[in-house]
Ligand SMILES: NC(=O)c1ccc[n+]([C@@H]2O[C@H](COP(=O)([O-])OP(=O)(O)OC[C@H]3O[C@@H](n4cnc5c(N)ncnc54)[C@H](O)[C@@H]3O)[C@@H](O)[C@H]2O)c1
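In UniProt numbering, the protein residues as written are 1 to 262.
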C-alpha cells in the first residue's frame, strides 16, 4: 500500500537514505531538515527514485512552530500522513569533567526535545486526520552501554531518553492505532562521524574508523546508511503492524559483544 511519510533530518545520512528507500517503494516523501537547500536536493533524488509526491521543507526540530507547519504542509498537500522517521540529531562529545552546560543542553534540546516535538506533532496530525500511523525514532547503542572511548555523556543521555520516550509514547498512542518504535544504528558511515573534518583529515578519520570497525564490530565494518534506512522503512510498513514500543538493533553485533576475551 502506498504511504505518505515525513522524515526529519532527511537532508543527510540515515534520514536521506530513509527518504530514498521510501521513494523506491513509490511512497510520497516529505523531506524535512534545517538545511533546506540540501533537503531540496534530496527531494529531487527521491523524485528520480520513484516517489509519488515529494516536498522539501526547511524546519528546525527544536522549533515547535516549524514542525507544526511541516506536518500541516505534508498532511494537507501530500495525501495524509502514514509514517514519520525522526532522524534529525547531533553529536557533540566532551569528557564529563569538561562538559559545558551549553553543550549538554544543546544535545538534549536537538536530540531528545526535538524527538518529543516531532512525535507529538506527528501524533496530532495523524489523530486529526484519523489516520493509523507508524513513527520511528532513532536511538543509539549509547542508550544502553557507555562507549569505550568516553566523552559521550550528553549524547548517551539524549539517546537513553529517546529509548525511554519511545516505550512511553507507544503506550499513549496505541489507542489511536499509532505505533512508535526505535531503530538503533551502530556506527554508520555518515557525516555525523566526521563532524568538523574535511579533505585529508576526513579521509584519515574514515580509514581509522574502518580499521577500528574491522577489529571491534562482529560484522567487521560500519553500516551503510541504507542498511539502517531499510530497518526504519520496515517499521513504517504494514509488515510491522504488530510491532510497537520496540527497538530494532542494527549495530553489526556491537552491543551483543562483551569486551572480555579471557
Ligand atoms: N551515524 C551514526 O553512526 C549514528 C549511530 C547511531 C545513531 N545515529 C543517529 O542517527 C540520526 C541521523 O544521524 P546521521 O548519522 O544521519 O547524521 P547526519 O549528520 O548525516 O544527518 C543528520 C541530519 O539532521 C539534521 N539536523 C540536525 N539538527 C537539526 C535540527 N535542529 N533540526 C532539523 N534538522 C536537524 C542535519 O542537518 C542533518 O541533515 C541521528 O539521530 C543520530 O544521532 C547515528
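Where a beta carbon is used, it is the ideal one built from N, C-alpha and C, also for glycine.
Tell me the start and end of each unbroken beta strand (DSSP E) in the stretch 147-197 that is at least 3 residues and wholly inside, in chain order. Counting only runs of 3 or more, we get 178-185.
Can you tell me whether residue 8 is helix, strand or coil according to DSSP? For residue 8, the three-state secondary structure derived from DSSP is strand.
Going by the beta-carbon positions, is the gap between residue 92 and residue 103 smaller than 8 Å? A contact, by the Cβ cut-off of 8 Å.
Run through the stretch 202-243 for me and flag every whole alpha helix (DSSP H) of 4 or more residues, listed as ranges in chain order. Complete alpha helix (DSSP H) runs here, min 4: 225-236.
Expressed to the nearest angstrom, what Euclidean distance is found between the alpha-carbon atoms of residue 40 and residue 188? Note on geometry: alpha-carbon atoms of residue 40 and residue 188 lie some 23 Å from one another.
Rounded distance between the beta-carbons of residue 170 and residue 245, thought under 8 Å: The Cβ separation is near 3 Å, so the contact holds.
Backbone secondary structure at residue 67 - three-state DSSP: Residue 67 falls in the helix class under three-state DSSP.
Taking the continuous alpha helix (DSSP H) assigned at residue 15, which residues delimit it? 13-24 is the span of the alpha helix (DSSP H), which, as asked, contains residue 15.
Please report how far the alpha carbon of residue 162 lies from the alpha carbon of residue 31, in whole angstroms. Using only the alpha carbons, I get a separation of about 21 Å.
According to DSSP, simplified to helix, strand and coil, what is residue 248? If DSSP states are grouped into helix, strand and coil, residue 248 belongs with the strands.
Which listed residue (35, 121 and 112) has its alpha carbon closest to that of residue 74: Per the Cα distances, 121.
Going by Cα to Cα distance, which pick from 262, 45, 139 and 1 is closest to residue 108? Of the listed residues, the one whose Cα sits closest to residue 108 is 139.
Excluding the five sequence neighbours on either side, which residues of its own chain have a C-beta within less than 7 Å of the C-beta of residue 192, listed in chain order? Excluding residues up to 5 positions away in sequence, 13 and 91 lie with their Cβ nearer than 7 Å to the Cβ of residue 192 in the same chain.
Does any heavy atom of ligand 1 sit closer than 7 Å to the C-beta of residue 140? Yes, ligand 1 has a heavy atom inside 7 Å of this Cβ.
List the endpoints of the continuous alpha helix (DSSP H) containing residue 114. Per DSSP, the continuous alpha helix (DSSP H) segment holding residue 114 begins and ends at 114-128.
Does ligand 1 have even one heavy atom less than 7 Å from the beta-carbon of residue 11? Taking non-hydrogen atoms of ligand 1 into account, the C-beta of residue 11 is found less than 7 Å away from one of them.
Run the proximity test for residue 7: is its beta-carbon closer than 7 Å to any non-hydrogen atom belonging to ligand 1? Incorrect: residue 7 has no Cβ contact closer than 7 Å to ligand 1.
Coarse secondary structure for residue 80, derived from DSSP in three states: Looking at residue 80 - three-state DSSP - the assignment turns out to be coil, as it is neither helix nor strand.
Determine the closest residue to residue 132 out of 16, 21, 236 and 18, with distance taken between C-alpha atoms. The candidate whose alpha carbon is nearest that of residue 132 is 236.
Secondary structure at residue 52, three-state DSSP: helix, strand or coil? Looking at residue 52 - three-state DSSP - the assignment turns out to be coil, as it is neither helix nor strand.
Pull up the CB-CB distance for residue 229 and residue 18, whole angstroms please, since I reckon it's below 8 Å. Confirmed, about 4 Å.
Could you pull the start and end residues of the beta strand (DSSP E) that residue 136 belongs to? Here the beta strand (DSSP E) through residue 136 covers 133-138.
Should residue 191 be listed as close to ligand 1, given that the test is whether its C-beta is under 7 Å from any heavy atom? Checking every heavy atom of ligand 1 against the Cβ of residue 191, one is found closer than 7 Å.
Looking at residue 220 and ligand 1, is the gap between the Cβ and the nearest heavy atom below 7 Å? Not one heavy atom of ligand 1 sits closer than 7 Å to the Cβ of residue 220.
If you reduce the DSSP assignment to three classes, tell me which class residue 199 lands in. In the structure shown, residue 199 sits in a helix (DSSP, three-state: H, G or I).
Would you call residue 218 buried or exposed, if buried means 16 or more other Cβ atoms sit within 10 Å of its Cβ? Counting the other CB atoms within 10 Å of its CB gives residue 218 a total below 16, which places it among the exposed residues.
Could you check what DSSP says for residue 145 in three-state terms: helix, strand or coil? In the three-state reduction of the DSSP assignment, residue 145 falls in the coil class.
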